[in-house]
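Notes to accompany the following structure.
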Amino acid sequence: MTSGQFLPIDGRWNRRDWMRIGAVSLGAMSLGTNPWSAASTATLDASTGDDPASASHSCIFVLLQGGPSHIDLWDPKPLAGSDVRGSFAPASTSVPSVHFTELVPEMAKRFDQFSVVRSVSHPFANHIAGTYITLTGSYNQQDRDREAHGDDFPGPGAILPHLQPPRTEVPASISLPNWLSIPGPSNRMPGQYGGFLGAVRDPFVLEGDPNGDGFDPLGLKSGSALPIERLDDRRGLLTELDVASRWLDSEVRRSGDRYLQSAFELVCSGKFRTALDLGRESDETRDRYGRNKLGQSFLLARRLIEAGVRWVSINEFNQKWDTHGDLVRRYQDIVPPLDRAYGALLDDLSRLGLERECMVCLGGEFGRTPKINPQAGRDHWPNAYSMLLAGGKVRGGVAWGETDAQGAEVAAQGVRPADVLATLWQHLGIDPKTTIHDRLDRPYLVSEGRVLYELMG
41 MTSGQFLPID
51 GRWNRRDWMR
61 IGAVSLGAMS
71 LGTNPWSAAS
81 TATLDASTGD
91 DPASASHSCI
101 FVLLQGGPSH
111 IDLWDPKPLA
121 GSDVRGSFAP
131 ASTSVPSVHF
141 TELVPEMAKR
151 FDQFSVVRSV
161 SHPFANHIAG
171 TYITLTGSYN
181 QQDRDREAHG
191 DDFPGPGAIL
201 PHLQPPRTEV
211 PASISLPNWL
221 SIPGPSNRMP
231 GQYGGFLGAV
241 RDPFVLEGDP
251 NGDGFDPLGL
261 KSGSALPIER
271 LDDRRGLLTE
281 LDVASRWLDS
291 EVRRSGDRYL
301 QSAFELVCSG
311 KFRTALDLGR
321 ESDETRDRYG
331 RNKLGQSFLL
341 ARRLIEAGVR
351 WVSINEFNQK
361 WDTHGDLVRR
371 YQDIVPPLDR
381 AYGALLDDLS
391 RLGLERECMV
401 CLGGEFGRTP
411 KINPQAGRDH
421 WPNAYSMLLA
431 GGKVRGGVAW
441 GETDAQGAEV
451 AAQGVRPADV
461 LATLWQHLGI
471 DPKTTIHDRL
481 DRPYLVSEGR
491 VLYELMG
């Protein structure tokens with residue numbers, strides 16, 4: 041097999057499909073290289089500072105792409121003028137000294153289970169640049185639209201399996217219910233892919249609506265579906281993979297490489313397939329999360345964490361959070377499902393005893409302008425905004441950082457996106473000062489931020 045040839049498994053599965061399913065690059069395999077080795081596209085410093093006790097720790101990262109308004113949710117300004125404070129009244133939380141707005145009652149009553157960081161900021165007002173720094177912490181970009189590039193800093197869902205290869209029969213990282221996309225030839229938004237670690241590190245993506253009757257997450261894109269019913273027939277599956285198995289015998293096994301074999305094992309994995317089957321949940325549980333795409337995505341993320349996936353990205357992406365106009369009506373529609381799903385997730389993580397193992401991070405790529413615009417909306421505002429952190433060692437009931445009276449600028453205890461990421465890496469047992477290298481062997485820190493120990497209990 042030469043570089044660029046793919047396994048002809050009934051014409052269904054191509055190179056990208058295998059990279060998504062098994063985190064394996066057939067291109068690398070065909071060249072006789074191991075994508076996990078130091079000889080692959082990027083290398084890992086020998087000293088990672090891993091904490092073995094954190095090997096089972098996990099993270100759910102909820103990105104409200106478009107930019108939620110901090111003032112209308114978690115950092116209300118009731119004493120500001122009407123053109124700033126907006127239409128939503130402040131409401132008490134479970135911590136008497138802290139108020140959210142009336143839009144998030146489920147979050148408010150559970151504030152003793154998470155912290156809000158009210159002082160996040162960065163300099164990028166463009167959606168794509170803001171998303172990139174949120175997911176990577178990197179300032180090495182311009183504040184404009186662009187597509188993903190092979191020299192980008194890799195996203196966390198790519199770095200994690202690079203530093204800590206999965207030890208279970210499930211992927212290390214998954215994105216759902218879709219990729220973040222942009223208009224352009226590739227539709228690839230930077231920050232979520234393998235970047236300079238290579239496409240082999242692109243996270244597994246589950247595309248579709250988990251609330252839909254026809255949700256079939258193992259049906260790959262472009263109609264190349266492999267129904268779950270056929271996966272139940274191991275004999276039929278082996279027949280499908282006969283050509284690939286012979287290639288494995290002659291090429292992969294001869295070289296001692298186990299990673300393509302892991303791709304086959306993943307397809308057959310009963311543990312993974314069970315996690316994807318939301319029908320195993322009671323109607324009451326599904327109702328608690330909300331019978332909608334976002335609510336069922338939260339539920340699916342919880343099931344994947346239970347199954348051993350260590351990083352789940354929930355991409356809330358269709359620009360509905362980009363409220364340049366008609367904010368009040370739109371928030372009355374879009375905030376309640378988020379509020380409900382977040383509350384259900386925290387409840388279940390606690391009930392299952394996973395609240396110390398799984399950290400949940402929620403926020404957007406920036407906030408919204410303090411002043412309401414003539415279209416009754418708010419515009420992009422990276423100068424000050426809020427993010428939520430729950431689980432792990434994070435203390436509940438902490439409102440960290442402050443904005444000024446208008447919610448316009450950070451007034452105390454400023455936080456960068458890289459600091460949030462450093463805190464997540466610390467939770468996952470990876471020293472944020474771990475070094476990874478690009479294709480030219482240039483070193484980069486996993487995060488240049490500082491761990492927010494002030495939030496830890």
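Last residue of the sequence shown: 497 in the numbering used here, with the numbers rising by one and none dropped. We put the beta carbon where it would ideally sit given N, CA and C, even for glycine.
Neighbour-count burial assignment, residue i, 16 or more Cβ in a 10 Å radius
i	result
residue 392	exposed
residue 395	buried
residue 497	exposed
residue 466	buried
residue 126	buried
residue 254	exposed
residue 95	exposed
residue 356	buried
residue 478	buried
residue 227	exposed
residue 235	buried
Per-residue DSSP class, three states only, for residue i
i	result
residue 103	strand
residue 425	strand
residue 132	strand
residue 485	strand
residue 155	strand
residue 408	strand
residue 496	strand
residue 312	helix
residue 442	strand
residue 94	helix
residue 120	coil
residue 108	coil
residue 139	strand
residue 162	coil
residue 168	helix
residue 188	coil
residue 416	strand
residue 474	coil
residue 434	strand
Residue i and residue j closer than 7 Å at C-beta
i	j	result
residue 489	residue 462	yes
residue 131	residue 148	yes
residue 115	residue 447	yes
residue 337	residue 101	no
residue 422	residue 162	yes
residue 389	residue 401	no
residue 159	residue 438	no
residue 175	residue 216	no
residue 12	residue 434	This structure cannot settle anything about residue 12, because the visible part of the chain is limited to 41 through 497.
residue 492	residue 459	yes
residue 468	residue 202	no
residue 229	residue 220	yes
residue 375	residue 200	no
Proximity test, residue i beta-carbon vs the ligand GDP heavy atom, cut-off 6 Å
i	result
residue 467	Looking for the ligand GDP in the displayed structure turns up nothing, as the structure carries no ligands at all.
List in chain order: all unbroken alpha helix (DSSP H) runs of 4+ residues lying wholly within the stretch 334-404. Those alpha helix (DSSP H) runs which fall completely within the stretch 334-404 and span 4+ residues are 367-391.
Check whether the stretch 231-249 and the stretch 191-200 are in contact - that is, three or more C-beta pairs closer than 8 Å. yes
What are the uninterrupted segments assigned as beta strand (DSSP E) that are 3 or more residues long and contained completely in the stretch 202-270, given in chain order? For the stretch 202-270, whole beta strand (DSSP E) runs of length 3 or above, ordered along the chain, are 213-216.
Segment contact, 8 Å Cβ cut-off, at least three pairs: the stretch 406-416 with the stretch 158-178: yes
On the three-pair Cβ rule with 8 Å, is the stretch 314-327 touching the stretch 338-350? yes
Quick test of the definition: if touching needs 3 or more C-beta pairs under 8 Å, does the stretch 322-342 touch the stretch 369-389? yes
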